[in-house]
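Everything below concerns the one structure shown next.
Protein chains: 4
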Amino acid sequence: MKADIGHLKICYIGGGSRNWAWVLLQDLGFENDIKGTVDLYDLKNEAAQDNAIIGNRLMAEHNPGQWTFKANPSLQDALMGSDFVFISILPGDFEEMAVDVHAPEQYGIYQSVGDTVGPGGLVRAMRTIPQFQKIAQAIKTWAPDAWVLNYTNPMTICTRTLYREFPGIKAFGCCHEVFHTQELLRTVLEEAKVIPENTVKRDAIKTRVLGINHFTWMDRATYKNIDIFPYYQAFVAQYGETGFEKPGPLTWRNDYFSCAERVKMDLFRRYGCIACAGDRHLAEFCPHSWYMHSPEQVQTWMYSLTPVSFRIEKREQLERKARAYREGTEKMEPVASGEEGIRIMKALLGLEDIVTNVNLPNQGQMPDFPGGAVVETNALFSRDRIQPLVSDGLPVDIRSLVMPHVYSQEGIVEATFERDREKAFRVFSHDLSIQTLSLKDARKLFDDMTTKTLHGQWEN
Amino acid sequence: MKADIGHLKICYIGGGSRNWAWVLLQDLGFENDIKGTVDLYDLKNEAAQDNAIIGNRLMAEHNPGQWTFKANPSLQDALMGSDFVFISILPGDFEEMAVDVHAPEQYGIYQSVGDTVGPGGLVRAMRTIPQFQKIAQAIKTWAPDAWVLNYTNPMTICTRTLYREFPGIKAFGCCHEVFHTQELLRTVLEEAKVIPENTVKRDAIKTRVLGINHFTWMDRATYKNIDIFPYYQAFVAQYGETGFEKPGPLTWRNDYFSCAERVKMDLFRRYGCIACAGDRHLAEFCPHSWYMHSPEQVQTWMYSLTPVSFRIEKREQLERKARAYREGTEKMEPVASGEEGIRIMKALLGLEDIVTNVNLPNQGQMPDFPGGAVVETNALFSRDRIQPLVSDGLPVDIRSLVMPHVYSQEGIVEATFERDREKAFRVFSHDLSIQTLSLKDARKLFDDMTTKTLHGQWEN
Amino acid sequence: MKADIGHLKICYIGGGSRNWAWVLLQDLGFENDIKGTVDLYDLKNEAAQDNAIIGNRLMAEHNPGQWTFKANPSLQDALMGSDFVFISILPGDFEEMAVDVHAPEQYGIYQSVGDTVGPGGLVRAMRTIPQFQKIAQAIKTWAPDAWVLNYTNPMTICTRTLYREFPGIKAFGCCHEVFHTQELLRTVLEEAKVIPENTVKRDAIKTRVLGINHFTWMDRATYKNIDIFPYYQAFVAQYGETGFEKPGPLTWRNDYFSCAERVKMDLFRRYGCIACAGDRHLAEFCPHSWYMHSPEQVQTWMYSLTPVSFRIEKREQLERKARAYREGTEKMEPVASGEEGIRIMKALLGLEDIVTNVNLPNQGQMPDFPGGAVVETNALFSRDRIQPLVSDGLPVDIRSLVMPHVYSQEGIVEATFERDREKAFRVFSHDLSIQTLSLKDARKLFDDMTTKTLHGQWEN
Amino acid sequence: MKADIGHLKICYIGGGSRNWAWVLLQDLGFENDIKGTVDLYDLKNEAAQDNAIIGNRLMAEHNPGQWTFKANPSLQDALMGSDFVFISILPGDFEEMAVDVHAPEQYGIYQSVGDTVGPGGLVRAMRTIPQFQKIAQAIKTWAPDAWVLNYTNPMTICTRTLYREFPGIKAFGCCHEVFHTQELLRTVLEEAKVIPENTVKRDAIKTRVLGINHFTWMDRATYKNIDIFPYYQAFVAQYGETGFEKPGPLTWRNDYFSCAERVKMDLFRRYGCIACAGDRHLAEFCPHSWYMHSPEQVQTWMYSLTPVSFRIEKREQLERKARAYREGTEKMEPVASGEEGIRIMKALLGLEDIVTNVNLPNQGQMPDFPGGAVVETNALFSRDRIQPLVSDGLPVDIRSLVMPHVYSQEGIVEATFERDREKAFRVFSHDLSIQTLSLKDARKLFDDMTTKTLHGQWEN
């Protein structure tokens, strides 16, 4: 790695994003250890241009001379010479996502997110994989030595695709779901008066993470010399039925991303390990009869189904905000997001070692999982290397809950690489939620969804 | 192995059986290459005594001087000095089996057999494993070098238990479901006029077998230099909708063990490999919406749900027959069963090598399956050794269909070894068919079934 | 596989061979189950032309209408449409082989064969691998679905190269060293009066074979229900010191390929397993102090160092014979070679299943060996498939004797694929026999050998 | 883990040690984060009593109230309730070690240390393994949940024995050889003026460590964002021939533990990775012709053969010192040793996470090494857990240099567990240095060494 910390180049694929790209801009507002340029590449170049303007203005005001942003309509150009590549794209538009999430409702299948597993996750995978194959080829050609941070969902499948298409890639997937569980565990200790409020950093909560993205588990969680498990057990005993929410304006009743942790606590009560993702993610991986057979049941478990209409609305808000930022009527301020992208870059540059959770092909870190399948575990990030930590594997009962998804993900990747529609349908038909349908209905749903959402991606 | 082919000793655990034990008696009626004694051990010693009388009479008339049978009420005595151990026990009685099969019907879960997977298979496993642990300990103590042939279901779980309890055991599981598929493939060639009728032996149909017992698949099937797959494809095209049955008195309408192969053909049409077990077994491993959501759907697919009342009735017939045999009012005749138990013994004695399918812990024969899990593949049987053949593994889509059962079986074995009722319930709750129930109903069903069928086995 | 047993096409690479090609011709003289054409391809096309003339004449006289032979100067043409490809080439000429074998003698390193391991084997590998890379590419392009039988040494390395260059290849390595040991074991039983002389076929001696080519071991050897090991033990007790040779004109004193089995018996006495290759091969894999530190010691162990002068002389004889055959002054007669090439082809065509020993990449058959390394074990050959048999692995002490060669072979293959001369030297310097030299001498020897024998192969 | 950081109990097996035990005492002189008692157990209880007196006096003067030491003649008593167990025993006495090291000299085999590999290492293993089996049993019975730190050599074999005897043990092996290489790399950066002298801490040099104890390698070494490899390359170019030693009184000419790094630099020049142990260790793992065929050659490479007479002399000095400490005529002062024992304990207690190198059974951290074999790699130490980091494996040429020792170690462990003297000899005879002997001489040496050093250990 030839990176010069004074002249880094980052290529951001999906650089018109109003979400992850802004997170990066805002975090860079504080960043002084490293500097350089960010090439924003996006199919919608104007969106990238907005972000370049916004970013450069933020830098001028808050962190002058450190980072410059440029919308670059050429992927080749944006990639060449890059030390890091970020990927956060939206595979398809919201109309397609509406199909992912809502088409299955006609058959009684509800989905709280619809981007990871289930009918939505699988069909989204089918249109995302071809795009990630192209991205992997571009990286192979123009920036083979760059470190690649993926933020796009379905995380497991995107990461798997990058490696299957270009085995030499230095890619990994970043997700913050585990962080939120660390925050919850901090709260657990605060509630138990073990630590004072608002004093302990999120990453002082040490955890052993294992599983797959959005269905990740902890079999160890400690703070200093304290085992958090007994405290979590007491917490679950207290709040398992009533749910738990921190005081504040956002609750599961008014915020689609909030939950009262009831699913998570129920899984702990039964399995003895801490499931570490938002309840709306966890619920999707379980038999739908447990937490999601109807919108009413979802309410009982005190979380929400995220409708795509909400995403559309939120998108419009963000676009308005983008316009205001671009035109200068509003100002983007640096905000520490709590995300680790920049810390990870700095670790890979050698500036500090960190151990955190990451999505990578299984090369031994999950001894009981198939080799090559993408798993989420802890890893050490150090200069120009990531080394996953060998875990003990999941308990046999959790393994039996997680594994069907692993094989489903492996299957949809292979079917899509082969552009084999029938194989894709077979994998689709095995999904937990689809299994409840007759094959005829499963087929109708599959045809309906793929017809409406696969526009040409399968043709190349 | 010190076996002397002129003075062999076989220990038959479950020696009062009116099924597999009689098959052995009848097959031994033709056997002249090896001779010896058979100790019949059974918890119901009188049943073993009947079989000893029957067997000795058959020998006297048809194969004098070759084999003698003795009911032996001491397991230690029966095992000591044995060269071979057969195990075919009925884990529990028919009342318990009635619970296995029919209790779930109250929740809309139908089972065609109920002894392998699903609620019936899992609860049966919970009461069988403790018995097999005891058998494994007895073999370890009194006949550690004997070859052990298991015929008891759930096959996978019984074999797994033997090895987990006594890792040095020389055990394997035998099942004839694959043979019946070989017979079907022979018929396919006969129908296609590729071979004349009734001329080709069953085992001239060469197959590559892989998967798990009762959900085994063939990715190769040949007769001499002929690939059978294209013929099978044509056969499926012709009979897939109408079903196929050989002319004769037994049809799926009057015989619980018959089927019209529609499930098997449907799986081929979709997956491209030949599922090789009876349809009533195959259907249980699939999402129940496909072939078994209701008795009516089962009819459509032209096979039957086997009620335990039928088994009870059949049992009574067999007991009447046993009495008649014992009292000499009827005579048992030697019949070539088509089973391979004796051929396998002879192969293990060195008299001829054979390659056939067998259930064994995975030690590399299924590279994509977890190590140690019991799988069914081909193996070479030669003097004092069995060597499984390395396969290419299952296609990714079939793997995703089979694997949930593998992890479920691994889970129920561990839970039962640990006598951990909660873990057993968790595994139970993941079963394909149980997933459709609410957790509350799943729990009620589990409690109901285990209360009625686990009598003391979990206490030791 | 589309092969038609009445119109097969074989491509023979190295078709001018006076050794393996003649074996094939002579064996085909008896063959009636299959027929077709053999395209003989050789860099020396005239030699192939001779063989075509010889073969066609033999067929005309002994097996008319079955097989036709044709020298084909185009590899593409020879490969296209082939069902089988035989490879038996001489990598380099005898001058180069003289360097392989004799150059190390200046440093006190003697080699009995010099084509498998040791300085000779490694340098031979360095010039063979590039040729096999080209062959693999040609097969990939023109006959990707053909079965490929390799007879060329170094067997392990040639087979490894084929798979590394073209992972989808259907290749395997055939070697008769194990057969000779089966013959020896038959003699052991004859000597012990267990079987009458000359009645039992070689392949009735059933063995479990494991290890690597030319350093293969048996941990089981049986004839019918008889364990041969105790008889072999008695045999070794009797002949271990004096040596054993069957009566006949050829002895280790006048025939370079003969031996008195002393090395083999010594290894059995010490390790308890039967080493199954000629002594001259076995000795090369062991520390040279054991059986080969000097020509005198070799004599003591009653086998020979094969000088290349002998090979040259033999070659000249064969060329004279070839001329005589071609000109018709002498006639080639069909001779049953005892080789299995034709039986294997017939097995792969589906005409009969056989279990025999074969060289294949490790895919689980040797659980204690690195994956992908080429190992020699038993395998089942059936229509269009080879399935290795899973073995128990080698005992830990034999493993420690064999493994350094496995890593050495893996190393020289990688170094040659990368055309990395320094890496090749490092691997060379680790060889058992080279280790006794100073690094300076090792380097001089390496430079000397490679300068004289690598003519352009490393340039492409 | 129930450890209370204010009331820890440490059991020190070999508590009379004047080496590692003193290191612990001196380090504890600075330790305030944790406190408790240390039970010193030693076969020579008086030596432990000395150390208790010395330790308690040091604490009274420098760190009052933190740690108390007690000689405990009962192993059971010393172990019960322990949170940590240290093991640093001398397997046998110096007379036996003299045999290990010097007996082979009569056959021209020199050893620089003689406690890890080679004849000395293997015979030492044979008498150490039985002792470690007993220790493992004691820990299993009396302190199964304690963390066990082993310092005894042969490190690999001791650690392997602990796990083979008690698979549930929480043991690992600590060695400081890698630390010294980190110090060398710091010097390299200092020499290159990249960092100022004496400013950077040893563990700021980040390395990726892989291999086996005393033959460990680094394929990455960085300081902050600086890759150290190019600087090391320049360093080797400059000092490879002349050797390098830091200014100071100790040089390889007067100190047996010093070296001029020529072996290490030569290995780098040839293999491209940094071997990270003292030269006297590295040299023993290589073919003896390279660095150790004679005492003169050893001189050329600027390191020393450590004679046992020196150890005896040093021992006597230490005993005199112990007497002086005990009697109060001299005072032990706290000294920061640079060892990591206490940091590791604190990490396992949860007080800070650290990543360092450690010896553990391979569970995936070295994907190209046999499972279960003890390897040295990096691992994360956190509260009550150690997770090794998955490495990329060794380059193929280094692997071929290291692996023979791995198989040798696996072999000697199995042979000793089975108390199979012949198997032990076979493994012994495969050792690099022994291979140069005739089998007869190898046997004489083996018999001589084992007769003189195995006193009863093999009898139980």
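Residue numbers (my numbering), protein chains in the order written: chain A, 1139 to 1598; chain B, 1139 to 1598; chain C, 1139 to 1598; chain D, 1139 to 1598. C-beta atoms are modelled at their ideal positions from N, C-alpha and C, and glycine is treated no differently. Everything numeric in this text was worked out from a predicted model, so none of it was measured.
In this structure, how does DSSP classify residue i when only helix, strand and coil are distinguished?
i       : result
C:Y1441 : coil
B:I1343 : strand
B:E1233 : helix
B:N1500 : coil
A:Y1150 : strand
B:V1528 : coil
B:R1391 : coil
C:D1365 : strand
A:E1315 : helix
A:N1516 : strand
B:F1661 : Shown here, chain B extends from 1139 to 1598; a query on residue 1661 of chain B therefore has no answer.
A:D1357 : strand
Provide the residue(s) that pair with residue i in DSSP beta bridges, ordered along the chain.
i       : result
C:P1104 : Since the first and last residues shown for chain C are 1139 and 1598, residue 1104 of chain C lies out of range.
C:F1373 : Paired residue(s): none; C:F1373 is not in a bridge.
B:F1310 : B:L1287
C:D1563 : The amino acid at residue 1563 of chain C is misidentified as Asp; the sequence shows Phe. For C:F1563, which the question treats as bridged, DSSP gives no partner whatsoever.
Give the residues of chain C in contact with residue i, contact being defined as C-beta atoms less than 7 Å apart.
i       : result
D:K1561 : D1535
D:Q1573 : P1425, S1427 and L1570
Using a C-beta to C-beta distance shorter than 9 Å, which residues of chain D count as neighbours of residue i?
i       : result
A:I1364 : G1488 and R1521
So which residues on chain B does residue i lean against when the C-beta distance must stay under 8 Å?
i       : result
A:M1541 : M1541, P1542 and Y1545
Using a Cβ-Cβ cutoff of less than 6 Å, which residues in the same chain neighbour residue i once the five nearest sequence positions on both sides are dropped?
i       : result
D:Y1102 : Residue 1102 of chain D lies beyond the residue range present for chain D, which begins at 1139 and ends at 1598; the question has no answer from this structure.
A:N1351 : M1293, T1294, C1313, N1497 and E1514
D:V1493 : N1516 and L1518
Cβ closer than 8 Å: which chain A residues qualify as neighbours of residue i?
i       : result
D:L1163 : The contacting residues do not exist; D:L1163 stays about 24 Å from chain A at best.
B:Y1409 : R1564
In chain B, which residues lie with their C-beta within 7 Å of the C-beta of residue i?
i       : result
C:Q1501 : P1505 and V1528
C:R1358 : R1523
A:E1552 : V1534
Under 8 Å Cβ-Cβ, which residues of chain C neighbour residue i?
i       : result
D:P1508 : D1506
Leaving out five residues before and five after residue i in sequence, what residues of the same chain have Cβ atoms less than 7 Å from its Cβ?
i       : result
D:F1507 : N1500, V1513 and V1544
C:H1314 : E1477
A:R1464 : D1188, I1191 and I1192
On the premise that residue j lies in contact with residue i, defined as a C-beta separation below 8 Å, what is that separation, rounded to the nearest angstrom?
i       : j       : result
D:Q1187 : D:I1227 : Rounded, the Cβ-Cβ distance is 17 Å, inconsistent with contact.
B:L1196 : B:L1163 : 6 Å
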